[in-house]
Amino acid sequence: MRPETRAELARRLRHYLDTGTTAMAEAMFPNPVSAYTSEERLALEKRVLFRESPLLVGLSCRVAAPGDYLTDDDSGMPILLLRTAAGTLRAFANVCRHRGARVVDGCGSGKRALSCPYHGWTYGLDGGLVDVPGEEGFAGLSREEHSLRPLPVAEKYGLVWVQPAPAGPEATIDIDAHLGGLAPELASFGFERWHHFETRTLRPRINWKMAVDTFLEAYHLAALHEQSVAPIFVGNLCAADRFGPHHRMIAVRRSFAALPDRGAIGARPSGTSCATRSSSTRSSPTPSSSTRRTTWSCGACSRVSRPTSARSTSPSTSPSPRRPRRRASTGPRTCSSPSMRSTARTSGWGKASSAASAPGRRTT
Ligand code: FES
Ligand SMILES: [Fe+2]
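Rendered as structure tokens:
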């Protein structure tokens with residue numbers, strides 16, 4: 500994260516801590532149960548969010564070298580990512596042009612060509628059909644017209660997006676436009692220098708939004724995570740920002756809440772972070788009195804004990820007013836940030852690298 504962004508967020512979060520507030524939507528948004536049970540809505544979401552929009556399918560480091568490949572089926576379209584001999588990343592429908600079998604499964608490296616396991620049609624790393632066993636039985640077959648079907652792909656910031664259902668054969672992805680202003684922040688993480696460690700796939704039988712929803716609020720920390728992360732993170736407090744169809748939520752470590760040097764916020768030297776500056780307090784399950792936390796009770800676990808007079812201080816970032824009972828909110832909400840989705844698949848159907856907006860959606 501860029502230092503100036505981090506400093507602004509730190510100031511905003513510090514104000515929330517000082518005043519016992521958090522990011523709020525304009526109003527409560529009652530979300531009908533049908534949003535999670537309607538087959539028609541699910542079909543619409545699949546089409547609009549997961550097939551017609553750029554879908555984050557992985558990290559560049561997983562397909563870094565010529566011959567590396569990666570498959571993805573979460574959108575309903577079998578996707579094949581392939582690094583060509585020239586180093587270009589290509590995406591194809593992972594569907595053999597003969598009888599529609601999957602050309603390759605999983606991921607791997609060192610490929611010079613891909614041979615379909617059904618009848619052995621073979622494709623080059625550029626997707627071109629290079630061998631047809633018993634080709635005399637296919638008189639007039641155009642190899643060119645039977646290359647793997649290409650899909651629009653974008654590789655930037657160490658991440659890879661594919662559009663599973665492009666509008667046409669010439670469609671491309673303008674990923675910076677799609678990111679809605681989030682590109683500089685993604686770039687600041689330098690994901691192109693990261694390495695893939697592990698992929699875990701969870702497939703609970705739930706509507707995909709049930710998984711995404713919980714990563715978009717800190718309201719549940721005190722109750723649901725009482726024995727795990729609640730001692731680490733401040734509950735029911737977050738910063739929320741929207742970037743086109745994307746959303747960024749920043750939760751707060753209790754070690755940040757315990758920082759004594761409030762005047763230094765914003766002047767933090769580049770390269771340090773909240774966690775690194777205060778690592779000595781981070782692992783403590785019971786914050787010391789210096790954290791000024793007053794109670795663990797549900798919905799109010801993160802209240803900061805401050806003199807009443809201090810809570811009336813107005814910040815430059817004009818946060819939401821204090822309310823009798825705090826509700827975490829993320830403002831107009833969308834599906835998750837791409838950076839959260841690259842390797843952790845939490846949906847039973849697909850992963851949400853991006854989504855159209857769902858304005859003001861909020862359950863209580
Ligand atoms: S389906 Fe692939 S070679 Fe026949
Ligand atoms: Fe959680």
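Number 585 in the working numbering belongs to position 86 of the sequence shown; there are no gaps in the numbering.
Ideal placement from N, C-alpha and C gives every residue a C-beta, glycine not left out.
Each residue's CA atom was taken as its position, placing L581 and G599 some 18 Å apart. Comparing alpha carbon positions, the residue from G619, V661, H677 closest to D573 is V661.
Taken through DSSP and simplified to helix, strand or coil, E503 comes out as helix. In its chain, beyond the 5 residues on either side, A717, F732, C737 have a beta carbon closer than 7 Å to the beta carbon of A750.
Residue side-chain check: Y617 places its Cβ nearer than 6 Å to a non-hydrogen atom of ligand 1. DSSP, reduced to helix, strand and coil, places F755 within a helical segment of the structure shown. Annotation: the stretch 698-754 contains the following complete segments of the alpha helix (DSSP H) (minimum length 4 residues), in chain order: 707-713, 720-723.
Cα atoms of F696 and A638: separation of roughly 48 Å, rounded to the nearest angstrom.
Closest by C-alpha distance to S533, out of F688, N706, A721, is N706. The stretch 668-684 makes no contact with the stretch 626-640: fewer than 3 CB pairs, one atom from each, lie closer than 8 Å. For the alpha helix (DSSP H) assignment, the uninterrupted runs of no fewer than 4 residues enclosed by the stretch 639-688 are, from N- to C-terminal side, 674-678, 682-687.
Excluding sequence positions up to five before and after Y535, its CB lies within less than 8 Å of the CB of N706, K708, M709, all in the same chain and listed in chain order. Our two residues, P665 and G519, have alpha carbons roughly 46 Å apart in a direct line.
The residue from A585, V594, P565 with its alpha-carbon nearest to that of L579 is V594.
The bridge partners DSSP lists for Y568 are L581, G607. DSSP, read as helix, strand or coil, puts S574 in coil. When DSSP reads this structure, G557 sits in a beta bridge with V659.
Note on geometry: alpha-carbon atoms of D712 and P565 lie some 38 Å from one another.
A distance below 7 Å between beta-carbons, with the five flanking residues on each side excluded, links C606 to the following residues of its chain, in chain order: R561, Y568, L569, T570. Counting C-beta pairs with one atom in each stretch, the stretch 548-555 and the stretch 611-625 have fewer than three that are closer than 8 Å, which means they do not touch.
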